[in-house]
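Here's the structure we're looking at; comments come further down.
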Amino acid sequence: MVPISWYLVLSAMLFALGVVGFLVKRNLITIFMSIELMLNAVNLAFVAFAWQWKQLNGQVFVFFVMVVAAAEAAVGLAIIIAVFRTRETLNVDRVNLLKL
Amino acid sequence: MLHTVLFIVFAVIAVAAAVNLLAQRHPINSALSLIVVMAALSVLYLLLGAEFVAAVQVIIYAGAVMVLFVFVIMLLNAGEEERTPGSRVAKIIGYPGVAALAALIVWTLVRHNTGALKVGLGRFLGSPSAIGHLLFKDFLLPFEVTSVLILIAIMGAVVLAGREG
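Residue numbers (our numbering), protein chains in the order written: chain X, 1 to 100; chain A, 1001 to 1165.
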C-alpha cells in the first residue's frame, strides 16, 4: 500500500525537472519536450487526486489535458518547422525576432 | 507490498529518465527518454486504477505525440545542442530556486493530505465505459469544444508548416 502523497511528491519532482529543462535547454524541440514533461506531471497529480476522492472527474480532466497537449504539439512543431526554414537554426538564443 | 515495489521501481525509472532528458545534448536522445517517462507514468496510472488513462497515455502520448516529435527532429536533422555560457548567478540561484519550487508544490499538494488514504492494487476506478458515460453526459459540451479545437489545430499546423518560404 502506497500513500497518495508519494504520487504527489513524484508529480512535483517531475514538474520541477520540466521547469529546469524549460529554462536550461537551448534547443527549441527539447524545450518543447520539457513542456510535455510538465503536462505529464500535472496529469499524474490529477489521477492521484481522482483516486483519493474516488471521483472520475480527474481522469476526464487528464483526457482533456492530453487532447490540448496533442493540439499544442501539432501547432508548436509546425511553428518550429516554420522558424527553422527562415533561421536555419534551432537555438533559441538565435531566435530573437517575432517576425518569421 | 507488490504495489510498493512497483511504485518505487517505476517512479525511479520516471525520475531517472526525466533527468536523462535534461542531461542529453542530442534531441533524439531526449525524445527517447521522454518516451520512457511516459511509459513509466502509464504503469503508475494503472496502479492508481485508471486503466483508460493508462491506455490513452501509451497510445496518444508515447505513440502519436512522440512520433510527431521524433519525426520533426529527423526532418530538421537537428544536431547536438550548442553550449552557451550562462552567468554564475543563474547557477547559484537557479538550483536552490528549483528545489524551493518543488518543495512548494509538495507542501501545497500534501498540506491537507493526512496520508491515511492508501492506494491498493487491482481496484480499477476508471474503466473505459465509466469514462465514456461521464464524457458524453456531464462533459458533453467540453468534449465537443475539444473537437473544434483539434480541427483548428490541424488547420493551423497545415497553414504554418505548409507555407512556401
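Glycine included, each C-beta is placed from N, C-alpha and C at the ideal position.
Could you name the residues of chain X that residue 1111/A contacts, counting a contact when the two beta carbons are closer than 9 angstroms? Here residue 1111/A is taken as the residue at index 111 of the second sequence, counted from 1. Within chain X, no residue comes near residue 1111/A; the closest Cβ sits about 10 angstroms away, beyond 9 angstroms.
Thinking C-beta only, is residue 1078/A closer than 9 angstroms to residue 1128/A? Taking the first residue of the second sequence as 1, we reach residue 1128/A at position 128. Taking the first residue of the second sequence as 1, we reach residue 1078/A at position 78. In this structure, residue 1078/A does not lie closer than 9 angstroms to residue 1128/A by Cβ.
Check distances from the C-beta atoms of the stretch 57-84 of chain X to those of chain A and list, in chain order, the residues that come in under 8 angstroms. Of all residues in the stretch 57-84 of chain X, only 57, 59, 60, 62, 63, 64, 66, 67, 68, 69, 70, 71, 72, 73, 74, 75, 77, 78, 79, 80, 81, 82, 84 place a beta-carbon less than 8 angstroms from a beta-carbon of chain A.
What residue range is occupied by the uninterrupted alpha helix (DSSP H) comprising residue 98/X? In the first sequence, counting from the first residue as 1, residue 98/X sits at position 98. Careful: residue 98/X lies outside any alpha helix (DSSP H) and carries neither H nor E.
Could you tell me whether any Cβ in chain X is nearer than 9 angstroms to the Cβ of residue 1142/A? Taking the first residue of the second sequence as 1, we reach residue 1142/A at position 142. By this cut-off, residue 1142/A is an interface position.
Would you call the CB atoms of residue 44/X and residue 7/X closer than 9 angstroms? For the purposes of this step, residue 44/X is identified with residue 44 of the first sequence, where counting begins at 1. For the purposes of this step, residue 7/X is identified with residue 7 of the first sequence, where counting begins at 1. In this structure, the beta-carbon distance from residue 44/X to residue 7/X falls below 9 angstroms.
C-beta atoms of residue 1163/A and residue 69/X nearer than 9 angstroms: What you label residue 1163/A is simply residue 163 of the second sequence in a count that begins at 1. What you label residue 69/X is simply residue 69 of the first sequence in a count that begins at 1. The answer is no: Cβ separation not under 9 angstroms.
Would you please verify whether the beta carbon of residue 96/X is less than 9 angstroms from any beta carbon of chain A? Locating residue 96/X in the first sequence gives position 96, counting from the first residue. Cβ-Cβ to chain A under 9 angstroms: no for residue 96/X.
So which residues of chain A does residue 54/X contact, with C-beta pairs closer than 8 angstroms? Locating residue 54/X in the first sequence gives position 54, where the first residue counts as 1. By Cβ distance, chain A contributes 1125.
Sequence-distant residues of its chain with Cβ nearer than 6 angstroms to residue 46/X (five each side left out): Counted from its first residue, the first sequence places residue 46/X at position 46. The residues are 58, 61, 62.
Residue 26/X versus chain A: which residues are under 9 angstroms apart at the beta carbon? On the first sequence, position 26 is the one that residue 26/X refers to. Contact of residue 26/X with chain A by beta-carbon distance below 9 angstroms involves 1081, 1082, 1083, 1084.
Between the stretch 1100-1112 of chain A and the stretch 8-18 of chain X, can you find at least three pairs of beta-carbon atoms closer than 8 angstroms? With the cut-off at 8 angstroms, the stretch 8-18 of chain X and the stretch 1100-1112 of chain A touch.
From residue 1092/A to residue 1098/A, what does the alpha carbon distance come to, in whole angstroms? The sequence position of residue 1092/A within the second sequence is 92, counting from 1. The sequence position of residue 1098/A within the second sequence is 98, counting from 1. Using only the alpha carbons, I get a separation of about 11 angstroms.
Assign residue 92/X to one of three DSSP states: helix, strand, or coil. Your numbering for residue 92/X matches position 92 in the first sequence. Coil.
Boundaries (first-last residue) of the alpha helix (DSSP H) holding residue 1088/A: As a position in the second sequence, residue 1088/A is number 88, starting the count at 1. Looking at the DSSP string, the run of the alpha helix (DSSP H) that includes residue 1088/A is 1088-1110.
Could you give the DSSP three-state label for residue 1085/A: helix, strand or coil? In the second sequence, counting from the first residue as 1, residue 1085/A sits at position 85. Three-state DSSP puts residue 1085/A in coil, outside helix and strand.
Rounded to whole angstroms, what is the Cα-Cα separation between residue 40/X and residue 1042/A? On the first sequence, residue 40/X is found 40 positions in, with the first residue counted as 1. On the second sequence, residue 1042/A is found 42 positions in, with the first residue counted as 1. Rounded to the nearest angstrom, the two C-alpha atoms are 10 angstroms apart.
Cross-chain neighbours of residue 29/X in chain A, by beta carbon under 9 angstroms: Locating residue 29/X in the first sequence gives position 29, counting from the first residue. Neighbours of residue 29/X on chain A, chain order: 1027, 1030, 1031, 1069, 1072, 1073, 1076, 1078.
Would residue 1013/A pass as an interface residue toward chain B - the criterion being a Cβ-Cβ separation below 9 angstroms? The displayed structure is made up of protein chains X and A, and chain B is not among them.
Taking only three categories from DSSP, how would you classify residue 1020/A? By one-based count along the second sequence, residue 1020/A stands at place 20. Here DSSP, grouped into helix, strand and coil, assigns residue 1020/A to helix.
Can you give the Cα-Cα distance for residue 51/X and residue 77/X, rounded to whole angstroms? If you number the first sequence from 1, residue 51/X lands on position 51. If you number the first sequence from 1, residue 77/X lands on position 77. Each residue's alpha carbon lies about 34 angstroms from the other.
Chain-ordered chain X contacts of residue 1019/A [CB-CB under 7 angstroms]: Here residue 1019/A is taken as the residue at index 19 of the second sequence, counted from 1. Here the neighbours are 17.
DSSP three-state call for residue 27/X: helix, strand or coil? Against the first sequence, residue 27/X aligns to sequence position 27. In the structure shown, residue 27/X sits in a strand (DSSP, three-state: E or B).
Quick one: which chain A residues come within Cβ less than 8 angstroms of residue 42/X? For the purposes of this step, residue 42/X is identified with residue 42 of the first sequence, where counting begins at 1. The contacting residues do not exist; residue 42/X stays about 10 angstroms from chain A at best.
Tell me which residues share the same chain as residue 1123/A and place their Cβ nearer than 8 angstroms to its Cβ, disregarding the 5 neighbours each side in the sequence. Here residue 1123/A corresponds to residue number 123 of the second sequence, with the count starting at 1. Answer for residue 1123/A: 1049, listed in chain order.
List, in order along the chain, the chain X residues whose C-beta lies closer than 7 angstroms to that of residue 1139/A? Here residue 1139/A corresponds to residue number 139 of the second sequence, with the count starting at 1. The answer, in chain order, is 60.
Count the other CB atoms, across all protein chains shown, that sit within 10 Å of the CB of residue 27/X; report buried if there are 16 or more and exposed otherwise. Working through the first sequence from its first residue, we reach residue 27/X at position 27. Buried, because 16 or more other Cβ atoms sit within 10 Å of the Cβ of residue 27/X.
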